[in-house]
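Chemist: Per our numbering, residue 957 is the first one in the sequence shown, and the count goes up by one each step.
Before we start, here is the structure in question, set down as structure tokens.
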Amino acid sequence: MSPRDEVTMLRKAAGVPKFGEDGEGSVQVHQDAALKIEGAKVFSVYGKGGIGKSTTSSNLSAAFSKLGHRVLQIGCDPKHDSTFTLTGKLQPTVIDILKEVDFHAEELRPEDFVTVGWNGVQCVEAGGPPAGTGCGGYVVGQTVKLLKQHHMLEETDVVIFDVLGDVVCGGFAAPLQHADRAVIVTANDFDSIYAMNRIIAAVQAKARNYNVRLAGCIANRSKDTDEVDRYCDTVGFRRIAHMPDIDAIRRSRLKKKTLFEMPDEEDIVLARAEYMRLAETLYAGTDPLAPAPLPDREIFELLGFD
């Protein structure tokens, strides 16, 4: 089967609706109303590529589970490494599993595409279409459809979408159609904040037609937060957590573990406490933020080079 045929089969399996206007000036796929996630608090995690979204998502999932919540994490990246610190290994993707059954989704069981990770966190890797073809939004839609068909969302308190890089096309903005709040992971540097500025614009576009709103940003792998805070003060955004640049986080990735499985070293204990505080804040509910993203020229003048 050619990559194009795979994408066609995936679209049919997902029941993808026709394209339509979704946000000013964009042509995207409308969400099927039947795929609405009900009963759970849904968060989408975005940020510049390589900024630590998967590490953040997995530790946040672990923190939610420590609070006693039933958690489902969905990785939305063809690299399918979102959940490996929760499960200890790379998981097969939904699209790979569908290919194995020739896209007959009715032949799948929950255990075929859901893995139980640390402390009961349920883990799914949506994956993505073959390189250069198709749209990641179809895979996200099919993953949610499978989860609903198998009643996997009915006993879930928290859903976290961990989304590929700083891609804000219609496909990888698709998790925003399901989310209550979008969280942006950034660092205290120009490139990360520039990407955050674009993601804010994407969320604002989705918010015109969907319930998603911005919760705030997490300053990750950063000793200081002055640049992040200056940007937030300028546009009306909010920093809701700060994860310092500590070596324990790097080591946890190498050991395929979350921070909650690491030894009780001082920096690890402090980082865990920040994740627990963040999980409590998000679950309690955050004010919906509506920052005004800056034009390119203005963000360069605010944070750019002399």
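Backbone N, C-alpha and C fix where the C-beta goes; we use that ideal spot for every residue, glycine too.
Small disclaimer: the values here were computed from a predicted structure and weren't measured.
According to the neighbour-count rule (16 or more other Cβ atoms, all chains shown, within 10 Å of its Cβ), is D1182 buried or exposed?
Modeler: exposed
Chemist: Determine which residues share a DSSP beta bridge with E1081 and list them.
Modeler: G1031
Chemist: With DSSP as the reference, label L1120 as helix, strand or coil.
Modeler: Of the three classes helix, strand and coil, the one that applies to L1120 here is coil, per DSSP.
Chemist: Can you confirm whether the segment 1001-1017 touches the segment 1228-1235 when touching is taken to mean that 3 or more C-beta pairs between the two stretches lie within less than 8 Å?
Modeler: The segment 1228-1235 makes contact with the segment 1001-1017: 3 or more CB pairs, one atom from each, lie closer than 8 Å.
Chemist: Let me know if A1240 comes out buried or exposed under the rule of 16 or more other beta-carbons within 10 Å of its beta-carbon.
Modeler: exposed
Chemist: Mind the definition here: the segment 1137-1150 touches the segment 998-1013 only if three or more C-beta pairs lie below 8 Å; say whether that holds.
Modeler: yes
Chemist: Tell me, please, whether the segment 1100-1118 touches the segment 1019-1031 by the rule of three or more beta-carbon pairs shorter than 8 Å.
Modeler: yes
Chemist: Using CA atoms only, rank isn't needed, just tell me which of Q1047, L1103 and D1058 is closest to G1083.
Modeler: Here the closest residue by C-alpha is Q1047.
Chemist: Can you give the beta carbon distance from A1130 to G1076, rounded, assuming they're within the 8 Å contact cut?
Modeler: No, A1130 and G1076 are not in contact; Cβ-Cβ is about 27 Å, not under 8 Å.
Chemist: For G1136, which of P1219, Y1187 and G1172 has the nearest alpha-carbon?
Modeler: Note on identity: in this sequence residue 1136 is Asp, with Gly being the wrong assignment. Among P1219, Y1187 and G1172, the Cα nearest to that of D1136 belongs to G1172.
Chemist: By DSSP, does I1174 sit in helix, in strand, or in coil?
Modeler: strand
Chemist: Could you check where the beta strand (DSSP E) with F999 kicks off and where it finishes?
Modeler: Note, F999: beta strand (DSSP E), K997 to G1003.
Chemist: Looking only at its own chain, which residues have a Cβ that is under 7 Å from the Cβ of I1255, when we skip the five neighbours before and after it?
Modeler: Y1150 and N1153
Chemist: What ranges does the alpha helix (DSSP H) occupy inside the segment 1187-1234, keeping only unbroken runs of at least 4 residues that lie completely in it?
Modeler: Runs of the alpha helix (DSSP H) lying entirely within the segment 1187-1234 and spanning at least 4 residues, in chain order: 1203-1210.
Chemist: Ends of the beta strand (DSSP E) at V1141?
Modeler: R1137 to T1142
Chemist: So does the segment 1204-1219 actually touch the segment 1163-1171, counting three or more Cβ pairs closer than 8 Å?
Modeler: no
Chemist: Looking at C-alpha atoms only, which residue of F1216, K1211, N1176 and I1224 is the closest neighbour of A1197?
Modeler: N1176
Chemist: Just the Cα atoms here: how many angstroms apart are C1308 and D1243?
Modeler: No statement about residue 1308 is possible, as the shown extent of the chain runs from 957 to 1262 and does not include it.
Chemist: Please list, in chain order, all residues of the same chain as H1060 whose beta carbon is under 6 Å from its beta carbon, the five residues on each side excluded.
Modeler: none
Chemist: Specify, as a first and last residue, the run of the alpha helix (DSSP H) that M1152 falls within.
Modeler: Counted as a single uninterrupted DSSP element, the alpha helix (DSSP H) harbouring M1152 occupies residues F1146 to A1163.
Chemist: Are the CB atoms of A1340 and A996 nearer to each other than 8 Å?
Modeler: With the chain represented from 957 up to 1262, any question about residue 1340 goes unanswered, as that position is not in the structure.
Chemist: Nearest to A1163 by CA position, among F1069, E1257 and A1246, is which residue?
Modeler: A1246
Chemist: Could you check the C-alpha separation between V1095 and K1035 for me, to the nearest Å?
Modeler: 14 Å
Chemist: With DSSP as the reference, label V983 as helix, strand or coil.
Modeler: The pLDDT assigned to V983 is 48, lower than 50, so where the model puts this residue is not dependable, and the model offers no usable value.
Chemist: Taking DSSP as the reference, what is the three-state secondary structure of T1181?
Modeler: Of the three classes helix, strand and coil, the one that applies to T1181 here is coil, per DSSP.
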